[in-house]
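Enquirer: One line per chain: the protein sequences are U and P, in this order. Residue numbers for the first sequence follow my numbering, so the first one is -12 and each next one is one higher. Residue numbers for the second sequence follow my numbering, so the first one is -12 and each next one is one higher. Shown below is the structure under consideration.
Number of protein chains: 2
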Amino acid sequence: MALSGNVINFLFGRPLASSEERGEHIGPLAGIPIFGLDALSSAAYGPEAALTLLIPLGLAGVRYIVPVSVAIIALLAIVYFSYRQTIEAYPHGGGSYTVATENLGDGAGLLAAAALMIDYILTAAVGISAGVGALISAVPALQPHTLELCLGVLVILTLVNMRGVHDTGLVFMIPTYLFTGTLLVVIAVGTFHALQGHPQAVTPLPHLPIASATLSIWLLLKVFSSGCTAMTGVEAVSNGVMAFRDPTRKNAKIALTIIIVLLTILLLGIALLCRAYGVGATDPNGAHYESVLSMLTRAVMGHGWFYYLTIGSVLLVLALSANTAFADFPRLTRAIALNNYLPHVFLLRGRRLLYSWGIYVLVALTALLLIIFRGVTDRLIPLYAVGAFLAFTLSQAGMVMHWKRQGGAPLRMFVNGLGAFATGITVLVVLVAKFVQGAWVTALLVAGMIVVMHTVKRHYTRVNRDTALDRPILPAEVVEPIVILPVDRWSRITEKALSFALSMSNDIRCLHVQVSEEEDDICKVWEEKVAEPLRAAGKCVPKLEILQSPFRYVLQPVVDYVLAVEQQSDIRKICVLVPELVVLHWWENLLHNRRADLLKVILLLRGNRRIIVINIPWYLERD
Amino acid sequence: MALSGNVINFLFGRPLASSEERGEHIGPLAGIPIFGLDALSSAAYGPEAALTLLIPLGLAGVRYIVPVSVAIIALLAIVYFSYRQTIEAYPHGGGSYTVATENLGDGAGLLAAAALMIDYILTAAVGISAGVGALISAVPALQPHTLELCLGVLVILTLVNMRGVHDTGLVFMIPTYLFTGTLLVVIAVGTFHALQGHPQAVTPLPHLPIASATLSIWLLLKVFSSGCTAMTGVEAVSNGVMAFRDPTRKNAKIALTIIIVLLTILLLGIALLCRAYGVGATDPNGAHYESVLSMLTRAVMGHGWFYYLTIGSVLLVLALSANTAFADFPRLTRAIALNNYLPHVFLLRGRRLLYSWGIYVLVALTALLLIIFRGVTDRLIPLYAVGAFLAFTLSQAGMVMHWKRQGGAPLRMFVNGLGAFATGITVLVVLVAKFVQGAWVTALLVAGMIVVMHTVKRHYTRVNRDTALDRPILPAEVVEPIVILPVDRWSRITEKALSFALSMSNDIRCLHVQVSEEEDDICKVWEEKVAEPLRAAGKCVPKLEILQSPFRYVLQPVVDYVLAVEQQSDIRKICVLVPELVVLHWWENLLHNRRADLLKVILLLRGNRRIIVINIPWYLERD
């Protein structure tokens, strides 16, 4: 029962008491790897996604990456200020779901909830498969084991996360800071060279193609929205405020600030260096594909050990970015379950103070996605921007309402409104541009999940309505039950059940089902072993009823009898005692009929509130 | 529950009342197809098996088939008289198992039981695959569907048999009598020609090979024992005496006599015609393999429609010979279960008065064998003679003891003793000759099944010893129980359980597990809703105990409390009431914790005879 044992303690850590909760809380430095990994790792694919769309413009196209990045950073700044304010307003965790629900109503909240859940599952699956994919580019011999590697990473992430937030932060610190550190060095060195004049790449870069298209507003919008994938993961901190140690709001805001500043430097630095060194994207489906970060690092630092350190940390961080989903998904499902829109099992805190079921469900769905796509989930990347930006939009629209209700603060309303508008446009652009490629799946899933959540809510509402009781107990309704006891033959098992029946009531009906005419006469034995001694002791004597069963059914006559008694009787409860042999080994159950279990199930299915089945176990004694 | 429904009635027939039993019983003519199919179909492979071993002797070898067949028929006659006497002595079914158990003791009985069970399962699998194999020789296009065809035949046999013995007899009558009739015509016409001088084959026969070996006693023994496979299935009638209508013994003996007479004519006729027409076996692994019956029919009747009719009925009867296993296996397992050596489920009679579980187990094991061998089980044929002859030997040895105990009848003792000796020798020869080819598997299985049956017997003996009760009930031991009720919050569910608890006992302990310190105070609500009204009504007030749970386990504290109460208390029973919500749809169970179920399981596993768990169901009402 108590999942103890040394192995479990070793893998997952010892159980934590509720009073140890504060000790599991983290500071801002540990918070950055946990809640910022997803956001920071976006720098590895956001600019690349934008540059890929600019390939048809040739060298001229690379120039546009700077204004697009500046626009994205401006949007990021808006989102940053919005989320700072959200943390302030929602110290118990103010993800898009909470903010949208509280300010825009349940409908908007559920939309945000569905979008975010899908987003997190995709983040986990895509992060793991991107990391493993990059590893396989480096070591092609591992190709046949893609799925196994993905599931292996998933298992490691699960084990690390099952230990709790505190331990997770420590494990993820090194790769996160290595990733940020090496990229900052690349940017610093590159900027230094660029400031000294026209910089030259240390190792030769591929030539940019000749322009085959011209700029259009639609293209710029698509470039912008693709680049916006660099912003996914930004909302994680505001969702996980509770995980920070006191003063929680301040620590959360520090973590968010550091993450946004780092992300801004990375995005801006990458954009400027791309322009300075003339680095454009290569065709991702082409034979000579190389990632933008790889070319940039080569150009600035050469093809030495630092290059491998940088690229290695990129791969590691991409794989680990899945962890943000582990940190946030359980908190999100808890928040939804608190409003009765998801099963209450998501509210339970496990032995390490985590919302364990959120992790189980995330792991199961991620594993399912990985297995369905055999570990190659790159096609899912564009889809998950839909979820993230839908959530951004709703969250910021919610904040607008929040300020409005607080009465005024027009500047803040304007900032959030601008953010909502910009992210809303992005959602529309992504939806339209990617609808045929699969965004319709996301739309369908969101709709389906909203239906499920409504159904769950309806059930809980109904149960609460049906079971709520405000009046006190009615002592007059406490009356002796009618007891029904099926009897096979006179044995210790029967004696135990009968003794118990006699202690419960004076109205006892013992039923004997007669299957064949060749049976021994139970009436004689009954008179001798039961009726006479009880009469002599001045106790009430239970009735023995013989039920005929021409078709040899044993349970049917008992069930019919019980239901008939229930029909005829007054307010009294009907207790059906079911004697049952408890064997010592599981296989011994094969040697006995399961009629007791069946009778319980049938009476549960066909019975009603007045019928109570009581199992009288009779244990075989150990030798 | 009552497996009704039109589809089920159509497939399996309407349910039969126990009083309709006599109507299901059969006369001797219907008994021949049911209990004789296996024996009669043996004529199709017994002589062939003997002739195959004589191939190395060339034309000279064919001569030996006549004396060998006469020897087999002599043995058959001995076995026949033995089983007539068995039917007389055991009118309720005297298979080898019963006879061996009653006369030689349980050890010999179990040996016979294990041998027979294996024999029947092999009969079913080999019969089906032999029939399908023959069909495939005729229509090679069906080859890829061997397994499907085998399983299809198995399903048809199962459906036919689930309708009961009466209907089965009617279905099998036509093929059985067609098979016997056509072969008798072949033998009659052939004998007529042979009596008129040196007969000539109507269509040319393959040439017999030149002799490459000489006769030896060992070879003759092997030929004899191979030919003895013609005798498998003979014991079926004595096992199924009960299935015949009144007068059962007489009808059973008539059926047995007809079967043995027909089999004798077939075996003798085939042997004589083989010699007269010079028909020997062909190499079963050779390219030009043709069965002895096919050559014989061709030689006598030519290659016309009668040939196809005969061969067609041979194929059909081979496939249907599996049915003998269906008729006898359930009766055998019932007889073993009656002695507590197999689970009692084999004693139950289903809706059509059959021992349904015997059929289920037979079908399952046959399907397993067919699937393992992908429908080609010819290699198993030699193995199942071991089981059949072991059973013969034990049965006849048992009859010797029977006569001895009856005091005398030296002729009968001699006849049975001779039979036991001859069949015993056959068992030894088959075991030695086939040990490496797989008879060791049979030996191992027999040993394993004997161990299983002993274990089952030990369990039942123990249960009977532990639960048997001869003394009457002790009225003084009827005392009020201690009632323990876990309480979550004040609701209709709690009220119902508490009302019930109050009707049972004055010693009630309500338990509330406090998981977090932030909970509402239940003590105040309790005082107001429960304690005050009960006190006012002059009733006893249940105790409310608050259990702290620092690690958030909910069940552990309850279980610990219950076990502690059990330790401290006197002879009183401890009733744990477990309120449980019963939802309307299965999926709604996902929305509620399964703690009630878990608590029941834990208390059942860790509890003892004094702890009784009572489930208080609370039904959600339909709208």
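The beta-carbon is built from N, C-alpha and C at its ideal position, and this holds for glycine as well. Everything numeric in this text was worked out from a predicted model, so none of it was measured.
Can you give me, in chain order, the residues of the region 455 to 485 of chain U that have a beta carbon less than 9 angstroms from any beta carbon in chain P?
Expert: So the close ones are Ala455, Leu456, Asp457, Arg458, Pro459, Ile460, Leu461, Pro462, Ala463, Glu464, Val465, Val466, Glu467, Pro468, Trp477, Ser478, Arg479, Ile480, Thr481, Glu482, Lys483 and Leu485.
Enquirer: Between Leu249/P and the rest of its own chain, which residues show a CB-CB distance below 7 angstroms, the 5 nearest in sequence each way excluded?
Expert: Correct list, in chain order: Leu27 and Thr167.
Enquirer: Any beta-carbon of chain P closer than 8 angstroms to the one on Pro520/U?
Expert: Taking Cβ atoms only, chain P reaches closer than 8 angstroms to Pro520/U, which makes this a yes.
Enquirer: Please report how far the alpha carbon of Ile358/U lies from the alpha carbon of Ser212/U, in whole angstroms.
Expert: Those two C-alpha atoms are separated by around 29 angstroms.
Enquirer: Which chain P residues are close to Tyr606/U, counting only those with a beta carbon under 7 angstroms from its beta carbon?
Expert: In chain order: Asn595 and Arg596.
Enquirer: Quick one: Cα of Phe408/P to Cα of Thr133/P, how far?
Expert: Straight-line Cα distance between these residues: approximately 40 angstroms.
Enquirer: Identify the contact partners of Ile59/P in chain U, using a Cβ-Cβ distance below 7 angstroms as the criterion.
Expert: None at all; the shortest Cβ gap to chain U is about 42 angstroms.
Enquirer: His194/P: buried (16+ other C-beta within 10 angstroms of its C-beta) or exposed?
Expert: It is exposed - the Cβ of His194/P has fewer than 16 other Cβ atoms within 10 Å.
Enquirer: By DSSP's criteria, Ser644/P is part of a beta bridge. Which residues make up the other side?
Expert: What is shown of chain P runs -12 to 610, which leaves residue 644/P out entirely.
Enquirer: For Val450/U, which option in Ile480/P, Thr448/P and Leu431/P has the closest C-alpha, if you only look at C-alpha atoms?
Expert: Closest by alpha carbon: Ile480/P.
Enquirer: Which chain P residues sit within Cβ distance under 7 angstroms of Pro330/U?
Expert: Those within 7 angstroms of Pro330/U in chain P are Leu577 and Leu578.
Enquirer: Quick check on this structure: which residue in Glu514/P, Arg458/P, Ser382/P and Leu255/P has the alpha carbon closest to the alpha carbon of Glu532/P?
Expert: Closest by alpha carbon: Glu514/P.
Enquirer: Can you pull the chain U neighbours of Asn602/P, defined as C-beta to C-beta under 9 angstroms?
Expert: Going along chain U in sequence order, the residues near Asn602/P (Cβ under 9 angstroms) are Lys587, Leu591, Ile599, Val600, Ile601 and Asn602.
Enquirer: How many Å lie between Ile42/U and Trp205/U at the Cα?
Expert: Their Cα atoms are separated by approximately 15 angstroms.
Enquirer: What is the DSSP secondary structure of Tyr606/P, reduced to helix, strand or coil?
Expert: Residue state, collapsed to three classes: strand.
Enquirer: Helix, strand or coil: how does DSSP classify Gln543/U here?
Expert: Reduced to three states, the DSSP call for Gln543/U is helix.
Enquirer: For Lys240/P, does the three-state DSSP call read helix, strand or coil?
Expert: Helix at Lys240/P.
Enquirer: For Ile489/P, return the contacting residues in chain U, with the cut-off set at a CB-CB distance below 7 angstroms.
Expert: In the sequence as displayed, the identity of residue 489/P is Leu instead of Ile. The contacting residues are Val465.
Enquirer: Start and end of the beta strand (DSSP E) containing Pro54/P?
Expert: Unbroken run through Pro54/P is the alpha helix (DSSP H), Leu46 to Ala76; no beta strand (DSSP E).
Enquirer: Which one of Pro78/U, Pro330/U, Ala95/U and Leu280/U has the shortest CA to CA distance from Gly33/U?
Expert: Nearest option by C-alpha distance: Leu280/U.
Enquirer: Give me the Cβ distance between Ala420/U and Ser83/U, rounded to the nearest whole Å; I'm assuming they're in contact under 8 angstroms.
Expert: Wrong, their Cβ atoms sit about 22 angstroms apart, outside the cutoff.
Enquirer: Could you check what DSSP says for Val569/P in three-state terms: helix, strand or coil?
Expert: Three-state result, Val569/P: strand.
Enquirer: Under three-state DSSP, which class holds Ile558/P?
Expert: If DSSP states are grouped into helix, strand and coil, Ile558/P belongs with coil.
Enquirer: Can you give me the C-alpha to C-alpha distance between Val588/P and Val569/U, rounded to a whole angstrom?
Expert: Near 11 angstroms, if we compare the C-alpha coordinates of Val569/U and Val588/P.
Enquirer: Should Pro397/U go down as buried or exposed, given a rule of 16 or more other Cβ atoms within 10 Å for buried?
Expert: With fewer than 16 other Cβ atoms within 10 Å, it is exposed.
Enquirer: Determine the DSSP secondary structure at Ser116/U, reduced to helix, strand or coil.
Expert: Residue state, collapsed to three classes: helix.
Enquirer: Note down the Cα distance separating Trp574/U from Gly374/P, rounded to an integer number of angstroms.
Expert: Taking the straight line from one Cα to the other gives about 27 angstroms.
Enquirer: By DSSP, does Pro529/U sit in helix, in strand, or in coil?
Expert: Residue state, collapsed to three classes: coil.
Enquirer: Which residue marks the beginning of the alpha helix (DSSP H) containing His441/P, and which one marks its end?
Expert: Trp427 to Thr454 is the span of the alpha helix (DSSP H), which, as asked, contains His441/P.
Enquirer: Could you run through the region 371 to 395 of chain P and flag, in chain order, every residue whose CB is less than 8 angstroms away from some CB of chain U?
Expert: For the region 371 to 395 of chain P, which is checked against every Cβ of chain U, not one residue is closer than 8 angstroms.
Enquirer: Using beta carbons (cut-off 8 angstroms, strictly below), is Ser(-9)/P in contact with chain U?
Expert: Summary for Ser(-9)/P: the model assigns pLDDT 45, below 50, so the residue's position carries little reliability, and this model does not support an answer.
Enquirer: When you compare the region 303 to 311 of chain U with the region 86 to 102 of chain U, are there three or more beta-carbon pairs, one atom per stretch, that lie closer than 8 angstroms?
Expert: They do not touch, by the three-pair rule.
Enquirer: As a quick exercise: from Arg596/U, Tyr606/U and Ile161/U, pick the residue whose alpha carbon is nearest that of His572/U.
Expert: Nearest of Arg596/U, Tyr606/U and Ile161/U to His572/U, Cα basis: Tyr606/U.
Enquirer: Strictly by DSSP, which residues pair up with Phe487/P?
Expert: Beta-bridge pairing links Phe487/P to no other residue.
Enquirer: Where does Met(-12)/P sit, in a helix, a strand or coil, going by DSSP?
Expert: Its pLDDT being 38, under 50, Met(-12)/P is placed unreliably by the model, and the measurement read from it follows with that caveat. Coil, per DSSP.
Enquirer: DSSP puts Ser478/P in a beta bridge; with which residues?
Expert: Answer by DSSP bridge pairing, in chain order: Ala455/U.
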